[in-house]
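Participant: Residue numbers (this note's numbering), protein chains in the order written: chain A, 4 to 417; chain B, 236 to 340.
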Ligand SMILES: Cc1cc2nc3c(=O)[nH]c(=O)nc-3n(C[C@H](O)[C@H](O)[C@H](O)COP(=O)(O)OP(=O)(O)OC[C@H]3O[C@@H](n4cnc5c(N)ncnc54)[C@H](O)[C@@H]3O)c2cc1C
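1. Less than 7 Å between the CB of residue 290 of chain A and some heavy atom of ligand 1, yes or no?
2. Taking Cβ-Cβ distances shorter than 9 Å, what residues in chain B pair up with residue 254 of chain A?
3. Got a sec: is the Cβ-Cβ distance from residue 316 of chain B to anything in chain A below 8 Å?
4. For residue 354 of chain A, tell me which candidate among A:339, A:360, A:335, A:347 has the shortest Cα-Cα distance.
5. Would a C-beta distance cut-off of 8 Å place residue 158 of chain A and residue 251 of chain A closer than the cut-off?
6. Find the nearest neighbour of residue 502 of chain A within the set A:360, A:16, A:33, judged by alpha-carbon distance.
7. Three-state secondary structure (DSSP) at residue 182 of chain A?
8. With hydrogens ignored, establish whether the beta-carbon of residue 255 of chain B is closer than 7 Å to any heavy atom of ligand 1.
9. Buried or exposed for residue 404 of chain A, going by 16 or more other Cβ atoms inside 10 Å?
10. When Cβ atoms are compared, which residues of the stretch 276-303 of chain A fall closer than 7 Å to chain B?
11. Based on DSSP bridge pairs, tell me the residues matched to residue 276 of chain A.
12. So what's residue 392 of chain A in DSSP terms, helix, strand or just coil?
13. Closer than 8 Å between beta carbons: that is the criterion. Which residues of the stretch 234-268 of chain A meet it against chain B?
14. By Cβ distance below 6 Å, which residues in the same chain neighbour residue 141 of chain A in space, the five residues on each side in sequence not counted?
15. In chain order, what residues of the same chain have a beta carbon less than 6 Å from the beta carbon of residue 206 of chain A, not counting five sequence neighbours either side?
16. Residue 14 of chain A: beta carbon under 7 Å from a heavy atom of ligand 1?
17. Is residue 113 of chain A near ligand 1, judged by its Cβ being under 7 Å from some heavy atom?
18. Could you round the C-beta distance between residue 22 of chain A and residue 71 of chain A to whole angstroms and report it? I think they count as a contact, below 8 Å.
19. Since residue 301 of chain B contacts residue 225 of chain A with CB under 8 Å, what's their CB separation in whole angstroms?
20. Pick out the complete beta strand (DSSP E) segments inside the stretch 347-395 of chain A, 3 residues or longer, and give them in chain order.
21. For residue 385 of chain A and residue 128 of chain A, I'd like the C-alpha separation in whole angstroms.
22. Could you tell me whether the Cβ of residue 15 of chain A comes closer than 8 Å to any Cβ of chain B?
23. For chain A, find out if any of its Cβ atoms is closer than 8 Å to the Cβ of residue 297 of chain B; answer yes or no.
24. Taking only three categories from DSSP, how would you classify residue 340 of chain B?
25. Do residue 97 of chain A and residue 90 of chain A have their C-beta atoms within less than 8 Å of each other?
26. Spell out the partners DSSP gives residue 90 of chain A in its beta bridges.
27. Is residue 69 of chain A near ligand 1, with its Cβ less than 7 Å from a heavy atom?
28. Against chain A, does residue 322 of chain B count as a neighbour if the rule is that its beta carbon must be under 8 Å from one of theirs?
29. Look at residue 372 of chain A and residue 359 of chain A and say whether their C-beta atoms are less than 8 Å apart.
30. Output yes if chain A places a C-beta closer than 8 Å to the C-beta of residue 312 of chain B; else output no.
31. Taking buried to mean at least 16 other C-beta atoms within 10 Å of its own C-beta, is residue 217 of chain A buried or exposed?
32. Determine which residues of the stretch 216-235 of chain A have a Cβ less than 8 Å from any Cβ of chain B, and write them out in chain order.
33. Excluding the five sequence neighbours on either side, which residues of its own chain have a C-beta within less than 6 Å of the C-beta of residue 83 of chain A, listed in chain order?
34. Using CA coordinates, which residue listed in A:304, A:362, A:172, A:293 is at the minimum distance from residue 391 of chain A?
35. Cβ of residue 384 of chain A versus every heavy atom of ligand 1: is any distance shorter than 7 Å?
Here you go:
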């Protein structure tokens, strides 16, 4: 009898894991993917929607169509996981028993966690571009924006794609210049971090770019509440920042069922797991992939991709009763759009912060790391094609290894 | 990393004054770091937060964020800011003798 592998979440991580497992283990396993809807959004495209650079309809495809034939898809909301019974309970009560469970239900936006964020002003003066509805509403607001205070606010960490708020600022600077209203606009980025980014050298480089573009940085700003009527946000230590247009990146948490599943998650609903084997702390036959995991790396699609191989190998070993392989190194790779048709690229893992150098081939590139270039921008645009045709089908990106390379890397010349 | 003396103990600290070895910590050290950072006396509520921070750090290898503190330490965020003005997570970590929280990734 084949082993039952159930994958919760049919987004980036769940889809690529299903396709890889199905291909690698064939008839030895029976793969079922559970998702609450059949709309797979290419999330990196959300950054471009507010600036009219991506059409909302074009970045959504059917989830089930991304799964190889032979993989089962169940459309349902997960109610909870019963670890001891090895069973997933779906909304409505149906049970889905498993031998191995892969959790890939991502991160959830929680605007309701910030007092005053979800009021009459939501999608009027207060927006987010972190989901499709918000990004689309923001597009219309930006097209009509005649100047004033544009405030971009990261409410709390962790968030998906921690560079996206910076990219939003850079693109807003470009967009408002093109529209001739940049002179009349103040752009400010308010973040709980103590700089532009979490890692020192990249934080310096990105902070320099903010200054160059005349974007103000309000660091160590822990947002307490939104006072939309007064047009301001207030931090827990009573600092105030005024806005005419607020672009918020709401607090993130894991999927709601995690909290309903005894012993599975942490206080924020993320799932603690071994950072190298990706095995859940809560049970040996449960693995965690992508944004749902509580591990010290970025919540990025590239990370889900690099984790794919480790997941497949360890699910196989678990079923065969072998020792797990601690092969995931925290590898993340992020393009950072900087406006005017250019982008920067960073590549890092648990041990190594982003440095300068070349990618993917040391010394040869062709992409420069931690430096703006046109090539990086072209590569970011090509990533969309690669997402649907290489990442999701679960194939390797040519020339790009899952483990991070350190050859030829060095601190940037300042 | 530099050596310094806190509450009579020689300890290693980073450039911002965070202990580099959580094992070198004790409650007298905590009280002195608190005084140096504008908290004259550690109350029971302070200790509740500091102890929670340490426990989590020693269990998970990472210090909890403000939001986690607010949800799980038993002290709501507003009060955290009254107890540890200007950044509870950072200050409670410093007093608790664990490394500076890195603000996630
Ligand atoms: C604006 C923005 C820009 C980004 N840019 C980039 C980028 O340039 N590069 C990059 O690498 N990454 C980027 N990312 C991050 C990337 O999209 C995510 O890290 C990636 O999608 C994570 O994959 P995942 O499988 O963990 O989660 P997701 O792809 O979000 O999938 C989670 C799935 O779980 C399902 N689900 C959740 N709860 C339940 C439930 N209770 N029952 C059933 N199903 C459920 C959801 O419907 C969803 O399909 C960006 C993200 C955003 C928001």
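A virtual CB, placed ideally from N, CA and C, is assigned to each residue, including glycine.
Facilitator: Well, looking at it:
1. Not under cutoff, so the answer is no.
2. Simply 302.
3. For residue 316 of chain B, the answer is yes, since a Cβ of chain A falls inside 8 Å of its Cβ.
4. Residue 354 of chain A has its Cα closest to that of A:335, out of A:339, A:360, A:335, A:347.
5. Yes, these two residues count as a Cβ contact at 8 Å.
6. Given that chain A is displayed from residue 4 to residue 417, the structure contains no residue 502 of chain A and the question cannot be resolved.
7. Residue 182 of chain A sits in coil when the DSSP states are folded into three classes, being neither helix nor strand.
8. At a cut-off of 7 Å, the beta-carbon of residue 255 of chain B does not count as near ligand 1: no heavy atom of the ligand is closer than that.
9. Result: exposed.
10. Those residues of the stretch 276-303 of chain A that come within reach of chain B (Cβ to Cβ, closer than 7 Å) are 299, 300, 301.
11. A:283, per the DSSP bridge assignment.
12. DSSP places residue 392 of chain A in helix when its eight states are reduced to three.
13. Result list: 239, 240, 254.
14. Cβ within range, chain order: 53, 130, 132.
15. Here residue 206 of chain A has 198, 199, 200 as same chain residues with Cβ atoms under 6 Å from its own Cβ, once five neighbours each way along the sequence are excluded.
16. Indeed, a heavy atom of ligand 1 lies less than 7 Å from the Cβ.
17. A distance criterion of 7 Å places the beta-carbon of residue 113 of chain A beyond contact range of ligand 1, judged by its closest non-hydrogen atom.
18. For residue 22 of chain A against residue 71 of chain A, the beta-carbon gap comes to about 5 Å, under 8 Å, which counts as contact.
19. Indeed they touch by this definition, with Cβ atoms about 6 Å apart.
20. The stretch 347-395 of chain A is shown to contain whole beta strand (DSSP E) runs of 3 or more residues at 360-364, 368-372, in chain order.
21. Between residue 385 of chain A and residue 128 of chain A, the C-alpha separation is close to 33 Å.
22. Chain B, which has no Cβ nearer than 8 Å to the Cβ of residue 15 of chain A, makes this no.
23. Taking Cβ atoms only, chain A reaches closer than 8 Å to residue 297 of chain B, which makes this a yes.
24. At residue 340 of chain B, the pLDDT of 43 sits below 50, so the modelled position is not reliable and the matter cannot be decided from this model.
25. Going by C-beta atoms, residue 97 of chain A is not nearer than 8 Å to residue 90 of chain A.
26. In DSSP, residue 90 of chain A forms a bridge with A:85, A:100.
27. Answer for residue 69 of chain A: no, Cβ out of range of ligand 1.
28. So, interface residue.
29. Against a cut-off of 8 Å, the Cβ pair of residue 359 of chain A and residue 372 of chain A comes out as a contact.
30. Yes, contact with chain A.
31. The residue is exposed, with fewer than 16 neighbouring Cβ atoms inside 10 Å.
32. If the cut-off is 8 Å between Cβ atoms, the stretch 216-235 of chain A has 223, 225, 227 near chain B.
33. So the qualifying residues of the chain are 92, 260, 263, 264.
34. Ranking the options by Cα distance to residue 391 of chain A, first place goes to A:304.
35. Exclusion of residue 384 of chain A from the 7 Å shell around ligand 1 follows from its C-beta lying no nearer than that to any non-hydrogen atom of the ligand.
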